[in-house]
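Chemist:
Numbering (our numbering), first residue to last: 229 to 351.
1) With distances taken between CB atoms, is the gap from residue 306 to residue 336 smaller than 7 Å?
2) One question on the structure: do residue 295 and residue 347 come within less than 7 Å of each other, judged by their Cβ atoms?
3) Need the endpoints of the alpha helix (DSSP H) that residue 313 sits in, please.
4) Can you list the alpha helix (DSSP H) stretches of 4 or more residues lying completely in the stretch 232-265, in chain order?
5) Flag this pair as yes or no: are the beta carbons of residue 328 and residue 313 separated by less than 7 Å?
6) Have a look at 253, 288, 338, 284 and flag the residue whose alpha-carbon is nearest the alpha-carbon of residue 300.
7) From this set, 260, 286, 257, 332, which residue's C-alpha is nearest residue 311's C-alpha?
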């Protein structure tokens, strides 16, 4: 009968979830029980590319770091839209081509604005 709920159909999924959860937790437990513990001062130090740590661990970052990160995400995500458009370019016609040119011009204006505001200068 369509629309009826049959729990037996979900039994394999439930078994799979239980087995995979048990496997993951078991692997973590075995690793915790049988790993070799040899702590020494160098091993317990925070790791910064092989260099000794400098400064406080809770130091403040410049706002420019976050601005550059956001700009990267914005331009990277927007560039992703070019790929599907290029795949179906031969089917979508001149209207979509003009829309993509407008889209790229808007991105270029945003990039030039960020450049003029010196958002890409790392101090």
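Built from N, CA and C at the ideal position, the CB exists for glycine as well.
Please read these numbers as outputs of a predicted model, since none were measured by experiment.
Modeler: Looking at the coordinates:
1) no
2) yes
3) 310-315
4) 239-262
5) yes
6) 338
7) 332
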